[in-house]
DNA sequence: GATGAAAAATCCGCATA
DNA sequence: TATGCGGATTTTTCATC
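Chains as they are written, first to last, in full-length UniProt numbering: chain A, 1 to 153; chain B, 1 to 153.
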């Protein structure tokens, strides 16, 4: 992966806030021509620096009212077992984010669902019926203070 | 906020994966004309259903290698104290996500930084020098299994 | 909600440093 | 290798039905 220069970083900073900013406007902001901006964006997309271009949707608007953090502890931590858990979490549409972490727990999972009833059903399917889950702790979000993938740099 | 219909939801589902999909292609996919698609998108943006349009950047590419979960417990939970903590977290560029949660802890915070040294500096500034933080627990991500704001609906 | 024309943005070749 | 310019193509936008 090529090293990013200051132009690239300046472009990314704009795109992370609004990727519908025109190349012309970006060019003005960073002192580059529009085609140059577009070539850089294209290159960063090809290299995976820009992973995706997405609309951020208000979860409440689509009926998903609850954001829930779950700490997962496994019984067995062999690579195969870990992979199996990863895979099941990856495939669950309720799972919005999932990280394998160091420390007292094994996974941190962010689940977004319509209601507690749906969450309870989710835990039953994913955790209680999975012999490899030692325990899990649930933290329900009451207030979203900040929710971004905007990286401050 | 107006209720969303099936067309709106179908459009959102596409936009959450790739908001550069042309209105024409979206129209084909959902059986609507391009201008219709565009009016719906415009309306949902105005209503806040679509919160933003952003590029998702690979943190590693911009030198941010570490994703860290932090559980925060406060000493005092008066509304003023909670607000003060919220505000300081909101303004910290290292904080990518932050939720006020129920349960044994008060806040779940997702921090993204270059290195452990930077994180330690962050904890000193934000937690140790803040008299209202009773304790915090750190979970460092070793592997990002899933990282999306793509809501499965 | 659909159609079609105008406006705007993106994309591409070419010349250049 | 990367930039800027100009024009072709595509996409968005807007008026009308």
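Just so it is clear, CB atoms sit at the ideal spot from N, CA and C, and this is done for glycine as well.
Just so we're clear, the structure is a prediction, and the values are computed from it rather than from any experiment.
Start-to-end residues for the beta strand (DSSP E) that takes in residue i
i	result
residue 134/B	133-147
residue 180/A	Because chain A here runs from 1 to 153, residue 180/A falls outside it and cannot be looked at.
residue 105/B	Residue 105/B -> no beta strand (DSSP E), and no H or E assigned at all.
Heavy atom of the ligand ZN within 7 Å of residue i beta-carbon
i	result
residue 75/A	Of the ligands one can find in the structure shown there are none, so the ligand ZN has no counterpart to examine.
Neighbour-count burial assignment, residue i, 16 or more Cβ in a 10 Å radius
i	result
residue 15/A	buried
residue 142/B	exposed
residue 79/B	exposed
residue 128/A	exposed
residue 53/B	buried
residue 61/A	buried
residue 4/A	buried
residue 75/A	exposed
residue 90/B	exposed
residue 8/A	buried
residue 144/B	exposed
residue 40/B	buried
residue 2/B	exposed
Among the options, nearest to residue i - alpha-carbon criterion
i	options	result
residue 101/B	13/B, 91/B, 77/B, 7/B	77/B
residue 6/A	30/A, 84/A, 99/A, 147/A	30/A
residue 130/B	72/B, 68/B, 43/B, 145/B	72/B
residue 58/A	12/B, 115/B, 55/B, 99/B	12/B
residue 69/B	106/A, 63/A, 123/A	106/A
residue 96/A	104/A, 85/A, 108/A	108/A
residue 155/B	103/B, 36/B, 93/B	Examination of residue 155/B is not possible in this model, given that chain B is present from 1 through 153 alone.
residue 64/A	98/A, 26/A, 55/A, 115/A	115/A
residue 136/A	42/A, 47/A, 120/A, 21/A	120/A
residue 35/B	23/B, 86/B, 117/B	23/B
residue 17/B	37/B, 125/B, 103/B, 56/B	56/B
residue 66/A	83/A, 110/A, 134/A	110/A
Enclosing alpha helix (DSSP H) for residue i [first to last residue]
i	result
residue 44/A	34-47
residue 15/B	6-17
residue 117/B	116-123
Three-state secondary structure assigned by DSSP to residue i
i	result
residue 23/A	helix
residue 130/B	coil
residue 3/A	coil
Open item on the list: As an exercise, report each continuous alpha helix (DSSP H) stretch of at least 4 residues that is fully enclosed by the region 65-91 of chain A, in chain order.
Closed with: Every alpha helix (DSSP H) of 4 residues or more that sits fully in the region 65-91 of chain A is shown, in chain order, as 79-91.
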